[in-house]
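Note sheet for the following structure.
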Amino acid sequence: MKALGIGLIGTGYMGKCHALAWNNVSAVFGDVERPRLVHLAEANAALAASRAREFGFARSTADWRDLLADPEVDVISVTTPNQFHAEMAIAALEAGKHVWCEKPMAPALADAERMLAAQRSSGRVAVMGYNYIQNPVMRHIRSLIDEGAIGTVNHVRVEMDEDFMADPEAPFYWKSEAASGYGALDDFAVHPLSLLWSLFGHVEAVIASLAKPYADRPLKEGGRRAVENHDIASVLMRLPGGISGVLMANRSAWGRKGRIALQVYGSKGSILFDQERMNEFQLYTVDGRASEQGFSTILTAPHHKPYDRFIPAPGHGLGFNDLKVIECRELIAAISGMASHSIDFNHGLRIEKSVHAMAQSFREGRWVEIAAA
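Numbered per UniProt numbering, the sequence shown spans residues 1 to 373.
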């Protein structure tokens, strides 16, 4: 396949992650042509030009629509705030571009459904930015579950906690607006849901409770503004095969920086993982004598594919941006017509439906079933 021409919309936290992935994917994997970094869009021309120089893009613009008309752009990365995802992704697909869109799809379910419809009509590839599923540890955990290493799974707990909104006097910004979504659910809990999908399939039913630790936040220009969504979510779930599940998410958890804690319990053992220690997991099995049974800590190594593409030595560890490089490689595989371990818009919509079912459950105080696609 010829080298893909890349367009990037947005150059903040995730925009830079995408740029690093596009820059590094060929060097890391060696089996794809080096992408051509063609066109970058930002909110103003000066910032766009500066970021294009830093990231290695040939051209820059203050109007993201310029990327749609650029014949050299084959794929567009959408890394803007949540409320802009639908418009940009749909326009890119209608222009014949492949799309790599950061999570979540969109705050409104109807917009997420329009995104999937646009992808199906276009015939182009469109995937979501769920890089945690690309961790070699997660792939190995999936293989252990499939092999029956811990027997029949009966219960799963997953938690996601960070403290970037823990300070009650931190200024109000867009993540506390209703326009950005429900808060902890779609900004945050979608990541644990992506892990559950990669291990067990989509959630089948939920009952949820949401909480708002701070009623308002200060404005930079003075005064205060009411917080419009919820920073804490607690959810009971039913997973495929009758597995019981618990999901908890908190954007205001002091001391937590990037925690996604997964606990999987089966009839013959357990598996524990924490994203803050992303290069290891713990395994307990009932094999052997009871006097020596206990959790074993397994460090990532070259035999946990594709760790070997980055580092030839065990125990040295990967990082967040490395997972984005793996995700980029999976996108290229999908565009090439190969099997891909990506969350496409079809599965992305199922995650969105789970989030909206949780919000509905909170409003109505009852279990909500989640329909299949």
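Cβ atoms here follow ideal geometry from the backbone N, Cα and C, with glycine treated the same way. Model, not experiment: these values are computed from the prediction.
The Cβ-Cβ distance between S194 and S234 does not fall below 8 Å. Of the other Cβ atoms in all chains shown, 16 or more fall within 10 Å of the Cβ of V158; this residue is therefore buried. With respect to E280, K257 sits apart: the two C-beta atoms are not nearer than 8 Å.
For the pair H191 and K212, the CB atoms are not nearer than the 8 Å cut-off. In the DSSP assignment, the residues bridged to E159 are M248, A261. For D31, no alpha helix (DSSP H) segment is defined, and its DSSP state is neither H nor E.
In the three-state reduction of the DSSP assignment, M128 falls in the strand class, which pools E and B.
A distance of 8 Å or more separates the beta carbons of A69 and T61. Around the CB of W174, fewer than 16 other CB atoms lie within 10 Å, so the residue is classed as exposed. In the displayed model, F281 falls within a strand according to three-state DSSP. As for any alpha helix (DSSP H) of minimum length 4 sitting wholly inside the stretch 169 to 252, the runs are 190 to 200, ordered along the chain. Rounded to the nearest angstrom, the gap between the Cα atoms of F172 and Y130 is 26 Å.
DSSP, read as helix, strand or coil, puts L299 in strand. Rounded to the nearest angstrom, the Cβ distance from H341 to E352 is 20 Å, too far for a contact under 8 Å. Nearest to D322 by alpha-carbon distance, out of S336, R366, Y307, is Y307. Proximity to P240 across A215, V153, D216, G317 peaks at V153, based on C-alpha coordinates.
Short of 8 Å from the beta carbon of L144, and not among the five residues preceding or following it, lie these beta carbons of its own chain, in chain order: I150, I271, L283.
Cα atoms of G266 and R139: separation of roughly 18 Å, rounded to the nearest angstrom.
Under the Cβ criterion (8 Å, minimum of three pairs), the stretch 109 to 121 counts as touching the stretch 76 to 86. Secondary structure of I271 (DSSP, three-state): strand. DSSP places G348 inside the alpha helix (DSSP H), whose first and last residues are 345 to 364. Inclusion of P81 and G181 in the CB contact set at 8 Å is not warranted, their separation being larger than that value.
Classified as buried, F273 has 16 or more neighbouring CB atoms from the shown chains inside 10 Å of its CB. Rounded to whole angstroms, the gap between the alpha carbons of A43 and F57 is 16 Å.
Under DSSP, S60 shares a beta bridge with L40. D163 is a Cβ neighbour of S252, given a cutoff of 8 Å. Inclusion of M237 and V227 in the CB contact set at 8 Å is not warranted, their separation being larger than that value.
Between H155 and S244 a beta carbon distance of about 5 Å is seen, short of the 8 Å cut, so the two are scored as contacting.
Closest by C-alpha distance to H202, out of I76, R363, L349, is L349. For A249, the closest of G223, G255, P312, L185 by C-alpha to C-alpha distance is L185. For S291, the secondary structure class from DSSP, reduced to helix, strand or coil, is helix. The beta carbon of A89 lies closer than 6 Å to those of V78, V99, C101, M115 in the same chain, with the five residues before and after it left out. In the three-state reduction of the DSSP assignment, I141 falls in the helix class, which pools H, G and I.
DSSP, reduced to helix, strand and coil, places V286 outside both helices and strands of the structure shown, so it counts as coil.
In the same chain as Y132, and ignoring 5 residues on each side of it, the C-beta atoms closer than 8 Å to its own belong to M138, H191, S194, L195, I260, Q275, L323, in chain order. The criterion of a C-beta distance shorter than 8 Å is not satisfied by V75 and L20.
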